[in-house]
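Working notes, structure below.
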Amino acid sequence: MPYPPFAKPSIFTIIAQVNSISKAMFVVKCAKCKTKLLKYRKVGKGKLLRCWKDRIVEDYTSKEGSFMKCPKCDEIVGVDAGAFFKMRQGRFTTHGSYE
Ligand SMILES: [Zn+2]
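For my numbering, add 3 to where a residue sits in the sequence shown, where the first one is 1.
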């Protein structure tokens, strides 16, 4: 697994967390089993189409190849596209201050 879900956060993750305190924070959950998948710093309103890796504050998903999956029910919620994950609509729900 290239990104262990409970890896020790890097210094960059810690800086991102500090910088994101006053920003909009979203929790992304699996639409199927409601498992918490991500804590994400979202910029702007609208649907979460791309999940930028440098804005992910906490990552609970499992990874299989280029797929981002729910750790509980194995639903594929996103596909790795380099700097971001292309999110599959309808597979997840977002909960945040802009909704
Ligand atoms: Zn699930």
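Every residue, glycine too, gets a C-beta built ideally from N, C-alpha and C.
Check: Pair within 9 Å by beta-carbon distance, K50 and F29; Outcome: no
Check: Per DSSP, the bridge partner or partners of R44; Outcome: M28
Check: Within 9 Å, strictly: CB atoms of S69 and V82; Outcome: yes
Check: Straight-line Cα distance separating R58 from R94; Outcome: 20 Å
Check: Check: E78 C-beta below 8 Å from any heavy atom of ligand 1; Outcome: yes
Check: Whether Q92 touches L52 by CB criterion (9 Å); Outcome: yes
Check: Check: K66 C-beta below 8 Å from any heavy atom of ligand 1; Outcome: no
Check: Alpha-carbon to alpha-carbon, M71 and M90; Outcome: 9 Å
Check: Burial state of K48 (16 or more Cβ within 10 Å); Outcome: exposed
Check: Which of helix, strand or coil DSSP assigns to K72; Outcome: strand
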